[in-house]
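A.B. asks:
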Amino acid sequence: MGVVLGESDEICEGLGVPRKVKERAEDLRKSIEEFSFTGQKKEGIYVATFYAACRKMGVPRSYRELADASGVSRETVIESLKFLLEKLNLQLPPYDPRDCVTYLVEKLDLSESVGDKAKQVLEKANEENLVAGRNPFGVSAAAIQMACSSKDVEITYKEVADAATVTTATARSSRRVMENELDLNFL
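In full-length UniProt numbering, the protein residues as written are 1 to 187.
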């Protein structure tokens with residue numbers, strides 16, 4: 001794991017996460033060291049500790065972002081995360097879509113008012129049970145798209161979906177569900 005350990009600052013910087021995430025990832029890495037990694041890539045395990053730390057601390061980052069920042073494939077990150085969760089008997093809370101909105105609004109350089117409106121959309125969607133079980137990045141992308149439309153901010157589905165690391169189909173599907181089920185008079 002030496003090569004990857006030397007890159008932890010770069011991974012942290014590439015992901016734009018606080019230092020506390022790196023420290024939490026290192027704690028997880030130390031906890032997993034007692035187990036045999038037979039059949040597992042050590043680099044994947046290390047990157048999976050970053051993902052788990054992000055989830056534990058409510059710092060939204062996707063598998064793809066971790067893969068891009070580390071050079072480890074998305075599939076390896078996912079496989080390694082499963083191994084990590086099983087061995088450490090960890091439960092990871094789902095990301096709060098509101099945290100995803102905050103992250104994506106900043107990433108897309110959108111106004112705070114767009115973020116506030118997107119969070120209102122999510123609040124209404126949550127009240128109607130439309131968020132549970134859906135990809136938090138996907139529903140966040142849809143809420144941002146809806147907020148941008150209501151504020152006459154031009155942004156494409158592709159731009160929002162790319163920032164959220166979801167497909168445009170995922171963003172459109174989530175938006176369709178929300179538009180069909182919500183009273184959108186507040187927009």
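Glycine included, every Cβ here is placed at the ideal spot set by N, Cα and C.
Taking just the CA atoms, how far does Glu34 sit from Ala118?
C.D. replies: Distance between the alpha carbons of Ala118 and Glu34: 44 Å.
A.B. asks: Which residues mark the beginning and the end of the alpha helix (DSSP H) in which Phe137 is found?
C.D. replies: Element bounds for Phe137: 136-150.
A.B. asks: Are Pro97 and Ser140 close, meaning C-beta to C-beta below 9 Å?
C.D. replies: Going by C-beta atoms, Pro97 is nearer than 9 Å to Ser140.
A.B. asks: Would you tell me roughly how many angstroms separate the C-alpha atoms of Arg61 and Asp183, rounded to the nearest one?
C.D. replies: One C-alpha to the other measures close to 30 Å.
A.B. asks: Nearest-angstrom Cα distance between residue 197 and Glu181?
C.D. replies: The shown model of the chain, from 1 to 187, leaves out residue 197, and the question about it has no answer.
A.B. asks: In the structure shown, what three-state DSSP assignment does Met57 receive?
C.D. replies: The answer is coil: DSSP assigns Met57 none of H, G, I, E or B.
A.B. asks: Does the distance from the C-beta atom of Ile45 to that of Arg29 stay below 9 Å?
C.D. replies: Against a cut-off of 9 Å, the Cβ pair of Arg29 and Ile45 comes out as a contact.
A.B. asks: Please look up how many angstroms separate the CB atoms of Val114 and Met178, rounded, as I've assumed it's under 8 Å.
C.D. replies: Their Cβ separation, rounded to whole angstroms, is 16 Å, which puts Val114 and Met178 out of contact at 8 Å.
A.B. asks: In whole angstroms, give me the CA-to-CA distance for Ser173 and Asn126.
C.D. replies: Cα-Cα distance, rounded: 16 Å.
A.B. asks: Taking only the alpha-carbon atoms, compute the straight-line gap between Arg27 and Gly58 and give it to the nearest angstrom.
C.D. replies: The question names Arg, but residue 27 in the sequence shown is Asp. Roughly 17 Å between the two C-alpha positions.
A.B. asks: In terms of alpha-carbon separation, which member of Gln40, Glu123, Asp152, Ser80 lies closest to Asp99?
C.D. replies: Measuring from the Cα of Asp99, the nearest candidate turns out to be Glu123.
A.B. asks: Quick check on this structure: which residue in Glu128, Glu65, Asp109 has the alpha carbon closest to the alpha carbon of Gly14?
C.D. replies: The shortest Cα separation from Gly14 among Glu128, Glu65, Asp109 belongs to Glu65.
A.B. asks: Just how far apart, CA to CA, sit Ala163 and Glu106?
C.D. replies: About 10 Å.
A.B. asks: Counting only the same chain and skipping the five closest in sequence on each side, list residues whose C-beta sits under 6 Å from that of Tyr95.
C.D. replies: Pro60, Pro136.
A.B. asks: If you drop the 5 nearest sequence neighbours on each side, which residues of the same chain put their C-beta closer than 6 Å to that of Ile155?
C.D. replies: The residues are Cys148.
A.B. asks: The alpha helix (DSSP H) with Leu84 in it runs from where to where?
C.D. replies: First-last of the alpha helix (DSSP H) with Leu84: 74-88.
A.B. asks: Beta carbon of Ile78, beta carbon of Leu108: below 9 Å?
C.D. replies: No, the Cβ-Cβ distance between Ile78 and Leu108 is not below 9 Å.
A.B. asks: Give the single residue among Glu86, Lys56, Ala48 whose Cα lies nearest to the Cα of Val72.
C.D. replies: Residue Ala48 is the option with its Cα nearest to Val72.
A.B. asks: Should Ala67 go down as buried or exposed, given a rule of 16 or more other Cβ atoms within 10 Å for buried?
C.D. replies: By the neighbour-count rule (16 or more Cβ atoms within 10 Å), Ala67 is buried.
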